[in-house]
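Enquirer:
Number of protein chains: 2
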Amino acid sequence: MLDKSNKATARSRSLLAKTAFMRSLSQSALSVLLDSAQIISLGARSTIFREGENAPAFYCLLTGYVRLYRMGKDGRQVDFRICGPGDVFAECLVSQDARYPYSAQAAETVCVARIDCREVRQLAERDATVSTALITTLSEHLKATTEVLVNDRLHTAPQRVADYLLDRCPVDAGSASIRLPFQKNLLAGMLGLAPEALSRAFSALRSAGVSVRGRVIQISDVKALREI
Amino acid sequence: MLDKSNKATARSRSLLAKTAFMRSLSQSALSVLLDSAQIISLGARSTIFREGENAPAFYCLLTGYVRLYRMGKDGRQVDFRICGPGDVFAECLVSQDARYPYSAQAAETVCVARIDCREVRQLAERDATVSTALITTLSEHLKATTEVLVNDRLHTAPQRVADYLLDRCPVDAGSASIRLPFQKNLLAGMLGLAPEALSRAFSALRSAGVSVRGRVIQISDVKALREI
DNA sequence: CGATATGTTGAGGCGGGTCAAACAGAGTGG
DNA sequence: CCACTCTGTTTGACCCGCCTCAACATATCG
Chain A
1 MLDKSNKATA RSRSLLAKTA FMRSLSQSAL SVLLDSAQII SLGARSTIFR
51 EGENAPAFYC LLTGYVRLYR MGKDGRQVDF RICGPGDVFA ECLVSQDARY
101 PYSAQAAETV CVARIDCREV RQLAERDATV STALITTLSE HLKATTEVLV
151 NDRLHTAPQR VADYLLDRCP VDAGSASIRL PFQKNLLAGM LGLAPEALSR
201 AFSALRSAGV SVRGRVIQIS DVKALREI
Chain B
229 MLDKSNKATA RSRSLLAKTA FMRSLSQSAL SVLLDSAQII SLGARSTIFR
279 EGENAPAFYC LLTGYVRLYR MGKDGRQVDF RICGPGDVFA ECLVSQDARY
329 PYSAQAAETV CVARIDCREV RQLAERDATV STALITTLSE HLKATTEVLV
379 NDRLHTAPQR VADYLLDRCP VDAGSASIRL PFQKNLLAGM LGLAPEALSR
429 AFSALRSAGV SVRGRVIQIS DVKALREI
């Protein structure tokens, strides 16, 4: 389950290097990080880290999807972000590695790169491409999280689903077809909904020309959907 | 209304320099920024910037409170953050100044320092204390925003109010007294509630030993409140 | 002391959470 | 190839929390 093939394989290295975060680094910083990164393969449902644990590293997702969530005192767990290939997570503790403020779980078979916080911090002191990459990533995540928060407070379930669909539609199309990259389960959590609510949202959107079969979603009129 | 006393007064400079963001800068970076920062005084309700405007600068709040919000298509506005003295905002576009992704409004008479993005970006290239300060601020904001998002999805209105109160209670106290630093209006927006809902949440907390008179809030039993 | 903002309270409605049951696929093993 | 099972999705019924609107109360400030 926890197959630490300590050194990066050629395939993993190439994936990692193509990441948004890594792509903007200087040659030297890149090669340092590629060499020190731990590549880890994990089975579906396995926990990557738990909230409250000591946090000496952050992660870069190579393949698969990862759920970030927090637990309430009653044991309910709430997703607030779903990471896909190329995403960086838990990077908020590069500045000061304390404890993970949330838990991370593999939603399916995944492969992640584990990167030492101390190392990156030291690298960032000397190499501006590293600090710039951190700043860019953090800014993007802050904007994205803010977006989600606002959406939660502003839009109803069908509107949020429509938003999600429109986000991954060709900008100008009459009709479109989308294939969800993961289970509806995950999508529900991502949108702050119970699975049942997501299901109902989809049926509500049927009247707006959205039809669902399995993971494939047909949108007959993109412009119409945008009005919701 | 928009009194640009272009140069920082001694008082403003000292406030600005004591900011969490500025305090960790090197002497040289600090003095460059202090000299180039524009100090701006604004009357209550005046708009600092509007979402979609071009964004060549970010802000550091010196005195007063500022509301950050976004508008829905129907004109409803949703607060997602309330900034107090010392807070930095709109810093997410240091990495790439595009357009402001939200609007900012003075909740009362405020004084802000306006700081040029390009300047900070260039400074960060050469001076690691600047990039480190940015990374720290961004990390903190990301964590805070995530916290708010999770609270929204996890807790009911009285619980969120209790959370807010407990956050500014002496950690271990039998009873406590808090004075809100701003109108309940603002607090409501901050917690993602309609003003009426906040009011009702306070009355719901009366049975848990919370009594409200104007801006002053008495908590008879802090431990009991923590159970909610 | 009136005049305008800000807070509170009540009634009603809608969105979405929860629980339970029916249903659909994907494996799995006979 | 067909049960059987496990897991994920859908649907229905019900309920609770919060938003909305409207009326009233209380501050705040001229």
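So the protein lines, in turn, are chains A and B.
So the first sequence is numbered by our numbering: it starts at 1 and just counts up by one.
So the second sequence is numbered by our numbering: it starts at 229 and just counts up by one.
Backbone N, C-alpha and C define an ideal beta-carbon position, used for all residues, glycine too.
1. Could you name the residues of chain A that A352/B contacts, counting a contact when the two beta carbons are closer than 9 Å?
2. If you drop the 5 nearest sequence neighbours on each side, which residues of the same chain put their C-beta closer than 8 Å to that of E336/B?
3. Within the chosen definition, does the stretch 396 to 412 of chain B reach the stretch 169 to 188 of chain A through at least 3 CB pairs nearer than 8 Å?
4. Contact defined as beta carbons within less than 8 Å: I believe C111/A pairs with A57/A. What is the distance between those atoms, to the nearest angstrom?
5. What first and last residue would you give for the alpha helix (DSSP H) that runs through D380/B?
6. Quick check on DSSP: helix, strand or coil for S269/B?
7. Do you know offhand how far A232/A's Cα is from D167/A's?
8. What residues are listed by DSSP as bridge partners for I82/A?
9. Using a Cβ cut-off of 8 Å, pull out every chain B residue sitting near L142/A, in sequence order please.
10. Using DSSP with H/G/I as helix, E/B as strand and the rest coil, what is M1/A?
11. Could you name the residues of chain B that G192/A contacts, counting a contact when the two beta carbons are closer than 7 Å?
12. With a cut-off of 8 Å, do at least 3 Cβ pairs link the stretch 213 to 226 of chain A to the stretch 238 to 253 of chain B?
13. Below 8 Å between beta carbons: does that hold for V450/B and A416/B?
14. Please name the residue in R327/B, V322/B, S359/B and A334/B whose C-alpha comes closest to that of I343/B.
15. Output yes if chain A places a C-beta closer than 8 Å to the C-beta of G314/B; else output no.
16. Secondary structure at D172/A, three-state DSSP: helix, strand or coil?
17. For Y69/A versus S103/A, is the C-beta distance shorter than 8 Å?
18. Closer than 9 Å by beta-carbon distance: list the chain B residues that pair up with P101/A, in chain order.
19. Any beta carbon of chain B sitting closer than 8 Å to that of S26/A?
20. Roughly how many angstroms lie between the CA atoms of S5/A and R434/B, to the nearest whole one?
21. The beta strand (DSSP E) spanning S331/B covers which residue range?
Expert: Per the coordinate set shown:
1. Here residue 352/B corresponds to residue number 124 of the second sequence, with the count starting at 1. The answer, in chain order, is A128, S131, T132 and I135.
2. Within the second sequence, the letter at position 108 stands for residue 336/B. Answer for E336/B: A272, G292, Y293 and F410, listed in chain order.
3. no
4. In the first sequence, residue 111/A corresponds to position 111, counting from 1. In the first sequence, residue 57/A corresponds to position 57, counting from 1. Actually they are not in contact, since the Cβ atoms of C111/A and A57/A sit about 15 Å apart, beyond 8 Å.
5. Taking the second sequence and counting its residues from 1, the one referred to as residue 380/B is at position 152. Where D380/B is concerned, the enclosing alpha helix (DSSP H) stretches over A356 to L382.
6. The residue given as residue 269/B occupies position 41 in the second sequence. Reduced to three states, the DSSP call for S269/B is strand.
7. Nothing can be reported for residue 232/A, as the shown portion of chain A is limited to 1 through 228.
8. Mapped onto the first sequence, residue 82/A falls at position 82. Paired residues: R67/A.
9. Taking the first sequence and counting its residues from 1, one reaches residue 142/A at position 142. Within chain B, the residues near L142/A are C320, L366, H369, L370 and T373.
10. The residue labelled residue 1/A in the question sits at position 1 within the first sequence. In this predicted model, M1/A has a pLDDT of only 42, less than 50, meaning its place in the structure is not dependable; the value taken from the coordinates is given anyway. Coil, per DSSP.
11. The residue you call residue 192/A lines up with position 192 of the first sequence. Neighbours of G192/A on chain B, chain order: R381.
12. no
13. Residue 450/B sits at position 222 when you count from the first residue of the second sequence. Residue 416/B sits at position 188 when you count from the first residue of the second sequence. The answer is no: Cβ separation not under 8 Å.
14. Numbered from its first residue, the second sequence carries residue 343/B at position 115. Considering only alpha carbons, the answer is V322/B.
15. Locating residue 314/B in the second sequence gives position 86, where the first residue counts as 1. G314/B does not count as touching chain A.
16. For the purposes of this step, residue 172/A is taken as residue 172 along the first sequence, with counting starting at 1. Three-state result, D172/A: coil.
17. Translated into the one-based positions of the first sequence, residue 69/A becomes position 69. Translated into the one-based positions of the first sequence, residue 103/A becomes position 103. In this structure, S103/A lies closer than 8 Å to Y69/A by Cβ.
18. Along the first sequence, one-based indexing puts residue 101/A at 101. Residues of chain B passing the Cβ test: K371, T374 and E375.
19. Stepping through the first sequence from its first residue, residue 26/A is reached at position 26. Answer no: the Cβ-Cβ gap between S26/A and chain B never drops below 8 Å.
20. On the first sequence, position 5 is the one that residue 5/A refers to. On the second sequence, position 206 is the one that residue 434/B refers to. Here S5/A scores only 49 on pLDDT, less than 50, and its place in the model should not be relied on; the value that follows carries that caveat. Straight-line Cα distance between these residues: approximately 57 Å.
21. The residue given as residue 331/B occupies position 103 in the second sequence. Segment S331 to A334, the beta strand (DSSP E) holding S331/B.
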